[in-house]
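Numbering (this note's numbering), first residue to last: 412 to 561.
Here is the structure we will look at, set down as structure tokens.
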Ligand SMILES: [Cu+2]
């Protein structure tokens with residue numbers, strides 16, 4: 412049997428303890444990262460369709476579809492569908508749908524939907540945007556176009 416000195420025994424105990432700490436930290440980190448990921452990206456239940464002419468999704472990656480069409484003088488109802496959760500640090504998961512020229516300024520909360528009805532007064536292209544996330548309205552990702560025919 413090999414002779415183990417007192418110092419060597421202490422060193423071994425210390426090594427075992429720090430190994431345990433590393434494993435514990437690893438487990439904790441995995442749980443935290445996993446939970447965060449789940450809260451941010453968990454699949455949400457499909458939202459009920461409202462009586463809208465257009466449905467538009469409002470994720471951080473950009474409006475989908477980015478172009479909607481309407482006719483001059485005819486009201487169009489748009490359902491904003493927001494699947495982002497409140498756990499988004501950027502704007503708390505809120506999005507906006509604004510068209511300055513038509514005085515449209517709708518906001519949709521996290522994991523909810525919002526109806527907005529507007530009537531374009533002229534033919535042509537209007538820009539809509541979201542200014543509550545992703546670096547504001549100058550960010551190209553939260554912009555889209557309303558194309559109005561005569
Ligand atoms: Cu947005």
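All residues carry an ideal CB built from backbone N, CA and C; glycine is no exception.
At least one heavy atom of ligand 1 falls within 7 angstroms of the beta-carbon of residue 469. Taking a cut-off of 8 angstroms on C-beta distances, the region 422–441 does not touch the region 460–469, as fewer than three cross pairs fall below it. A heavy atom of ligand 1 is found nearer than 7 angstroms to the CB of residue 506. Membership of residue 490 in the beta strand (DSSP E) is indicated by the continuous run 487–493.
Here residue 415 carries a coil assignment [DSSP, helix/strand/coil]. In terms of Cα proximity to residue 559, the closest of 536, 520, 519 and 499 is 536. Here DSSP, grouped into helix, strand and coil, assigns residue 500 to coil. Counting along the chain, no beta strand (DSSP E) covers residue 534, and no H or E run does either.
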